[in-house]
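Remarks on the structure that follows.
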Amino acid sequence: MIVTSSGTAMGPAAADLFRHEGAEVLADPGELVGPDEPAALIARAGEIDLLVANLDLPASGARAHACAGATTSSCSPARP
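Note that this note's numbering has the sequence shown beginning at 12, numbered continuously upward.
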């Protein structure tokens with residue numbers, strides 16, 4: 012199995028828990044933000060049965076009220 016962002020947030024606990032239960036864990040500390048990084052990680056891991064995507068990245072910052080009536084995925088308010 013793979014645990015992404017294994018050094019932050021729930022990554023260490025998830026990796027430790029699965030190891031304790033007997034799983035073979037590839038704990039990857041990278042952020043996987045580059046376009047080729049996820050594929051490289053899968054290639055390095057080989058066949059996997061489980062992926063824990065520990066997404067420890069900052070939130071987008073869009074406020075819910077800014078999304079009301081939005082016309083694009085960027086949550087820009089709609090123009091009248």
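Cβ atoms here follow ideal geometry from the backbone N, Cα and C, with glycine treated the same way.
- Should proline 40 and glycine 18 be called a contact, given that it needs their Cβ atoms to be closer than 7 Å? To locate residue 40, count along the sequence shown from 1; it is residue 29. To locate residue 18, count along the sequence shown from 1; it is residue 7. Yes, these two residues count as a Cβ contact at 7 Å.
- Task: Would you tell me roughly how many angstroms separate the C-alpha atoms of methionine 21 and asparagine 65, rounded to the nearest one?
- Result: The count along the sequence shown starts at 1 and reaches residue 21 at position 10. The count along the sequence shown starts at 1 and reaches residue 65 at position 54. Methionine 21 and asparagine 65: Cα-Cα distance of roughly 7 Å.
- Message: Please tell me whether methionine 126 and leucine 52 are closer than 7 Å, where the distance is taken between their beta carbons.
- Response: No information on residue 126 is available, as it lies outside the stretch 12 to 91 that the chain covers here.
- Query: Around the Cβ of alanine 89, are there at least 16 other Cβ atoms within 10 angstroms (buried) or fewer (exposed)?
  - Reply: As a first step, residue 89 is located in the sequence shown; it is residue number 78 there, counting from the start. Confidence at alanine 89 is low in this model, with a pLDDT of 45, below 50, so its placement is unreliable and no value can be given for it.
- Hey, would you say valine 14 sits closer than 7 Å to alanine 38, going by beta carbons? Here residue 14 refers to the residue found at position 3 of the sequence shown. Here residue 38 refers to the residue found at position 27 of the sequence shown. Yes, the pair counts as a contact, with Cβ atoms nearer than the cut-off.
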